[in-house]
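A.B. asks: Numbering (the working numbering), first residue to last: 13 to 136.
C-beta atoms are modelled at their ideal positions from N, C-alpha and C, and glycine is treated no differently.
Quick one: the structure is below, and I'll ask about it shortly.
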Ligand code: 5GP
Ligand code: ZN
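What follows is the structure, encoded as C-alpha cells:
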C-alpha cells in the first residue's frame, strides 16, 4: 500500500475532516480520537494519517511512522491517567488484524484501553 488516502475509508475521512471525531491528540503524522463505541472508560484509537490496511502493513512500509503511532498511544495513556507512571493501573494496546478477529476498519489503528476492572484479567 502506498499510504494514499482511500475515498471509501472511514478513518481517511476522519483524517480529512469529513467525519467528525473527538480528537484527544494529534501530530503531523498521527491522530488520536475517542472510539464511538467505548469498551472501557478510556478507549482511544491512534491512527497514522496515511492509509495502511493494518498495523503490520504500516510497520512494513514505514517503521518510523509505526513507532510514532506506538509512542502516541503511550502519550494518550499518560494524558488519560491510565498509565502506571500517571497513577493508573496500566493499559492495553490492541491491533485487530483480519475480519475473523473483529477488524472492521481497514485503516491501521491501535486501541488504547484503560480504566476498566476487566482489563486486569490477562488475555494472553
Ligand atoms: P476494529 O474493530 O477495526 O479494530 O476497530 C474499529 C473501531 O472503530 C471500533 O471500535 C468502532 O467502535 C470504531 N468506530 C467505527 N466507526 C467510528 C466512527 O465513526 N467514529 C469513531 N470515533 N469510531 C468509530
Ligand atoms: Zn484510510
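Mind reading off the beta-carbon distance from residue 69 to residue 57? Whole number of angstroms is fine, and I expect it under 8 Å.
C.D. replies: 17 Å between Cβ atoms; not a contact.
A.B. asks: Just the C-alpha distance for residue 23 and residue 98, rounded to the nearest angstrom, thanks.
C.D. replies: In a straight line, the C-alpha of residue 23 is about 29 Å away from that of residue 98.
A.B. asks: Can you determine whether any heavy atom of the ligand ZN sits closer than 8 Å to the C-beta of residue 50, and answer yes or no?
C.D. replies: Residue 50 Cβ: outside cutoff for every heavy atom of the ligand ZN.
A.B. asks: Name the residue from 125, 114, 136 whose alpha carbon lies nearest to the alpha carbon of residue 52.
C.D. replies: With distances taken between Cα atoms, residue 52 lies closest to 125.
A.B. asks: Less than 8 Å between the CB of residue 47 and some heavy atom of the ligand 5GP, yes or no?
C.D. replies: Residue 47: yes, Cβ under 8 Å from the ligand 5GP.
A.B. asks: Which residues in the same chain as residue 100 place their Cβ atom closer than 8 Å to its Cβ, once the five residues preceding and following it in sequence are excluded?
C.D. replies: So the qualifying residues of the chain are 89, 92, 93, 94, 126, 127.
A.B. asks: Taking only three categories from DSSP, how would you classify residue 31?
C.D. replies: The answer is coil: DSSP assigns residue 31 none of H, G, I, E or B.
A.B. asks: Using 8 Å as the cut-off, classify the Cβ of residue 44 as near or not near the heavy atoms of the ligand 5GP, replying yes or no.
C.D. replies: Flag unset: Cβ of residue 44 not near the ligand 5GP.
A.B. asks: Would residue 30 be called buried (16 or more neighbouring beta carbons within 10 Å of its own) or exposed?
C.D. replies: Per the 10 Å Cβ criterion, exposed.
A.B. asks: Where does residue 39 fall in DSSP's three states?
C.D. replies: If DSSP states are grouped into helix, strand and coil, residue 39 belongs with coil.
A.B. asks: If you count every other CB in all the chains shown that lies within 10 Å of the CB of residue 116, and 16 or more means buried, which is it?
C.D. replies: So residue 116 ends up on the exposed side.
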